[in-house]
Amino acid sequence: MAGFFVNLKRGLQKTRSGLVNSLKSAVTRQDPEELREELEAVLLQGDVGILAADRLIKSIQGQDGDRWQLLEEEMLRILEGEGENGERPPITTGGPHVILLVGTNGSGKTTTAGKLASKYAGEGKSVLLAAADTYRAAAIEQLQIWGERSGVDVISQERGADAASVAYDSLSAAIARNMDVLIVDTAGRLQTRSNLMDELKKIRRVLQKQGDQYPQETFLVLDATIGQNALSQARLFHEAVELDGLILTKLDGTAKGGMVLAVRQEVDLPVRYIGVGERADDLMEFSPKEFVQALLE
Ligand SMILES: Nc1nc2c(ncn2[C@@H]2O[C@H](COP(=O)(O)OP(=O)(O)OP(=O)(O)O)[C@@H](O)[C@H]2O)c(=O)[nH]1
Ligand SMILES: [Mg+2]
5 MAGFFVNLKR GLQKTRSGLV NSLKSAVTRQ DPEELREELE AVLLQGDVGI LAADRLIKSI
65 QGQDGDRWQL LEEEMLRILE GEGENGERPP ITTGGPHVIL LVGTNGSGKT TTAGKLASKY
125 AGEGKSVLLA AADTYRAAAI EQLQIWGERS GVDVISQERG ADAASVAYDS LSAAIARNMD
185 VLIVDTAGRL QTRSNLMDEL KKIRRVLQKQ GDQYPQETFL VLDATIGQNA LSQARLFHEA
245 VELDGLILTK LDGTAKGGMV LAVRQEVDLP VRYIGVGERA DDLMEFSPKE FVQALLE
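Heads up: take any position in the sequence shown, counting from 1, add 4, and you land on the working numbering.
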């Protein structure tokens, strides 16, 4: 098995031994009412969410086939989504590909920025990091440590500087230096605080000033351990800054990895990466098929 898949399975270990083991026992129920009740209890316990749980239960109820297989197929359909699951814009050579990371406090933005920088640098791309979290000096240092590890420069200003100005300068630098990728880290903020959401809108606006294409991708970084709260976070951030996708972190730390299904079902945004640990290679490109396989097989 590829190292990637082993790592993914290891990252999902808690969910595998919590949710998946109970599911295995639930699907063996013969009485239809018992089957429904037990499936529902197990799925909700695993944070799969009402709507996705309903779909999964219906995919088995009254069907003849192998129940495990039916479940696997329906999970895949949920994760592949229906609407907005289009291709990601390719990283071209016509100017930097800008990735803007947003999210609530402690969701894993800075770590994800560092992991992404390391990933792209490892692929031979030229990468720049922007420290647009100017609230805490520690935030800038944290990003610099990630930058040093992968040989990536970090554009920053002093603590307290205007975050949008850091974003603007970083994009100018990325253009001037002919960089392939610019990753912008931002401060954690509550989705319900309108002044903080306005700051994010301003960051997007100043990036767009340098070209309509910027930022090519805005990702919400979501902590997978917060459960159904993630749904309202995703909706409000999407309203404010038009997200292109989600990054779910800390899946290694929860038995409730079913929330990946909940967000995919209830918020029409693709999951692009998942975080399954604190190391640089613990960020994985999300593939519905591999995810379902690593979970159920
Ligand atoms: N186990 C695990 N820990 C993670 C993962 N991603 C991030 N973390 C940890 O979560 C904590 C918070 O991560 P940060 O990257 O600092 O989060 P942030 O969103 O930048 O936080 P603020 O800037 O304060 O809003 C750190 O201890 C990270 O190491 C993950 O996928 N798995
Ligand atoms: Mg941070």
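All C-beta atoms, glycine included, are put in the ideal place defined by N, C-alpha and C. Treat the numbers as computed from the prediction; the structure is a model and nothing was measured.
Residue range of the unbroken alpha helix (DSSP H) whose run includes residue i
i	result
Val188	Premise fails: Val188 lies in the beta strand (DSSP E), 185–190, not in any alpha helix (DSSP H).
Leu120	113–126
Ile207	198–212
Leu27	25–30
Ile103	From DSSP, Ile103 is part of no alpha helix (DSSP H) but of the beta strand (DSSP E) over 101–106.
Leu80	71–84
Ala141	141–154
Gln49	36–49
Val296	292–300
Local conformation of residue i per DSSP, three classes
i	result
Ala178	helix
Arg92	coil
Thr222	strand
Tyr277	strand
Asp68	coil
Asp173	helix
Asp216	coil
Asp227	strand
Thr258	coil
Asp272	coil
Leu265	helix
Gly22	helix
Leu194	coil
Arg283	coil
Arg59	helix
Residue of the options minimising C-alpha distance to residue i
i	options	result
Arg86	Pro292, Gln297, Leu23	This sequence places Glu at residue 86; Arg is not what is there. Ranking the options by Cα distance to Glu86, first place goes to Pro292.
Val275	Leu250, Asp285, Glu76, Trp72	Leu250
Thr96	Val210, His242, Asp137, Leu186	Leu186
Asp227	Gln297, Gly112, Ser29, Asn199	Gly112
Pro219	Leu43, Ala134, Arg59	Ala134
Ser29	Val102, Ala244, Glu44	Glu44
Ser169	Asp286, Arg208, Thr253	Arg208
Asp286	Leu252, Leu273, Arg268, Val156	Leu252
Val158	Asn182, Asp189, Ala57, Leu83	Asp189
Ser198	Ala177, Glu243, Val296, Pro100	Glu243
Met183	Ala143, Phe295, Val156, Asp58	Val156
Ala143	Ala165, Tyr124, Leu83	Ala165
Leu75	Glu84, Asp68, Leu83, Ile61	Ile61
Cβ-based burial, residue i [other Cβ within 10 Å; buried from 16]
i	result
Ala6	exposed
Ala136	buried
Gly261	buried
Ile149	exposed
Val264	buried
Glu289	exposed
Ala78	One detail in the question is off: residue 78 reads as Glu in this sequence, not Ala. Glu78 is buried by the Cβ-count criterion.
Lys213	exposed
Leu55	exposed
Pro36	exposed
Ser122	buried
Arg268	buried
Ser174	buried
Lys119	buried
Proximity test, Cβ basis, 8 Å: residue i and chain D
i	result
Gly281	Looking at the structure shown, chain D is missing, and only one protein chain is on hand.
Length of the line joining the Cα atoms of residue i and residue j
i	j	result
Val24	Tyr139	41 Å
Tyr277	Arg163	29 Å
Gly66	Leu300	22 Å
Val46	Ala180	54 Å
Thr32	Gln73	13 Å
Glu282	Thr114	11 Å
Ser63	Thr19	21 Å
Pro94	Val131	15 Å
Val225	Ala284	16 Å
Phe9	Leu255	15 Å
Phe223	Ser21	29 Å
Ser349	Val280	This structure gives no information on residue 349, because the portion of the chain shown stretches from 5 to 301.
Glu270	Gly107	18 Å
Leu194	Ala238	11 Å
Leu240	Gln34	42 Å
Ala298	Gly15	9 Å
Endpoints, the beta strand (DSSP E) within which residue i is located
i	result
Leu252	249–253
Gly7	Taken as a continuous stretch (DSSP letters only), Gly7 belongs to no beta strand (DSSP E), being part of the alpha helix (DSSP H) at 7–15.
Glu289	287–289
Asp157	157–159
Ala165	Per DSSP, Ala165 belongs to no beta strand (DSSP E) and is neither H nor E.
Val245	Careful: Val245 lies outside any beta strand (DSSP E), inside the alpha helix (DSSP H) at 233–245.
Leu133	131–136
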